[in-house]
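Trainee:
Numbering (our numbering), first residue to last: 96 to 299.
This is the structure:
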């Protein structure tokens, strides 16, 4: 189960996490989790470039090790990157010491002060430790591109109906999300660009 739109009560319950940005400007923050993936990430970069859009990629450490040239391509196009653990661990199902060790292992592959927990799942103890070195970036809108039961049309609707000024939107540059992502992302970029929005990377 997941929520497409993050409820305000959840944001208030975890105020130290970044869920969205207060913005008077028409700005949306696109984020991409679980890459880099050669079959998908390169396509994402090309689509973003068409609209001069910047984004934030929350990368899995082992994927960066396997595809360093693609990771460097993300940086070369002036996108931001964030730590998404080395092995894509679920914080609720992993004891704190090995989880934090995995975060550190990812940090040795590449440096970032941004962190997003895989699945959005993190214990309070893990979060407290991570917050000493990172800004924890969550989200305002979940596209659900990863869900095989979510149609491409529904994925698009999830974003168009819920994204607003300052929203952080989650996509996945993974093989599992490829079908929905390739349908949705170009339409999201086109739609919000026509409405006068800009797409920016997350920076501290």
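Don't be surprised by glycine CBs; every beta carbon is placed ideally from N, CA and C.
No experiment lies behind these values; they were computed from the predicted model shown.
(1) Could you give the first and the last residue of the continuous beta strand (DSSP E) run that contains residue 245?
(2) Suppose you measure from the CA of residue 153 to the CA of residue 288; what does that come to, to the nearest Å?
(3) Give every residue of the same chain whose Cβ lies closer than 8 angstroms to the Cβ of residue 232, excluding the five residues on either side of it in the sequence, and list them in chain order.
(4) Looking only at its own chain, which residues have a Cβ that is under 7 angstroms from the Cβ of residue 172, when we skip the five neighbours before and after it?
(5) Can you give me the start and stop residues for the beta strand (DSSP E) that residue 98 sits inside?
(6) So the candidates are 200, 188, 223 and 239; which of them puts its Cα closest to the Cα of residue 216?
(7) Just curious, the alpha helix (DSSP H) that residue 192 is in, first and last residue?
(8) Give the single residue among 102, 174, 282 and 196 whose Cα lies nearest to the Cα of residue 71.
(9) Judging by CA-CA distance, which residue of 265, 166, 106 and 292 is the nearest neighbour of residue 205?
(10) Since residue 267 and residue 164 should fall inside the 8 angstroms C-beta cutoff, what is the C-beta to C-beta distance between them, to a whole number of angstroms?
(11) Could you tell me which residues DSSP puts in a beta bridge with residue 209?
(12) Just to confirm my understanding: we take residue 207, look at its own chain, exclude 5 residues before and 5 after, and list those with CB closer than 7 angstroms. What are they?
(13) Just to confirm before moving on: does the CB-CB distance between residue 265 and residue 253 stay below 8 angstroms?
(14) Starting from residue 183, trace the alpha helix (DSSP H) in both directions and tell me its first and last residue.
(15) Locate the beta strand (DSSP E) running through residue 123, then write down its first and last residues.
(16) Considering only DSSP beta bridges, list what residue 263 is partnered with.
Mentor: With the structure as the only source:
(1) First-last for residue 245: undefined, no H or E at that position.
(2) 23 angstroms
(3) 112, 113, 126, 151, 153, 177, 209, 210, 211, 263 and 297
(4) 140 and 144
(5) No beta strand (DSSP E) contains residue 98, which DSSP labels as neither H nor E.
(6) 188
(7) 191-202
(8) Past the boundaries of the shown model lies residue 71; the chain is included only from 96 to 299, so the question cannot be answered.
(9) 166
(10) About 21 angstroms; that fails the 8 angstroms criterion.
(11) 230
(12) 176, 177 and 178
(13) no
(14) Segment: none, residue 183 is in no alpha helix (DSSP H) and carries neither H nor E.
(15) 122-128
(16) 124
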